[in-house]
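Single-structure report; data block below.
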Amino acid sequence: MWMEKLFAGVLRVLTPLGARYIQPSFAQRIYLLWIFRHFRVLPLQVLTPRQRRVIDAMCVEPQFVPLTEANGWEAPILGTLERRPPIAPTPVRDNARVSDVSPFATDLSNAERRS
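Here my numbering is used: the first residue of the sequence shown is 319, the next is one more, and so on.
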C-alpha cells in the first residue's frame, strides 16, 4: 500500500463545497506521506507554517483530479486535509433562569427528591 501511495496517491481536501482531490508531484507525495504518517485526517490548524505553504501551493495550482479513473481504478489517498472554515462558538448566556431548564431536567430533579 505504501508503494501505491508513493507512486499514485492523491491528497483529499475537504472544503465547504465538498471533497477535492489533488495529484501532487513525486516529491510532494513523499512530503505528504511524512505529514500524514500517524493520522489519516488533519485539520489545517495543526500544520506548521511550512506545511501550510506547501499545501496552499498545491491547492492554488490546477491539479484537481477525479478520485476514480475512467477504468474504475481508485487512486489511493495519502491523507485528508480539512480546510473548512472555523465554527463560531455558541454564545454563553449570562442570565440563564431556572425556567430555561428543559422540563425533563426538572422532572428528573423532582424524582430524585422523592426517593
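Beta carbons: idealized from backbone N, C-alpha and C, even for Gly.
Counted as a single uninterrupted DSSP element, the alpha helix (DSSP H) harbouring E322 occupies residues 320-326. Rounded to the nearest angstrom, the Cβ distance from L362 to F354 is 13 angstroms, too far for a contact under 8 angstroms.
By the neighbour-count definition (other C-beta atoms within 10 Å, threshold 16), M321 is an exposed residue.
Distance from the Cα of E400 is smallest, within the candidate group A326, R330, K323, for R330.
DSSP, read as helix, strand or coil, puts A393 in coil.
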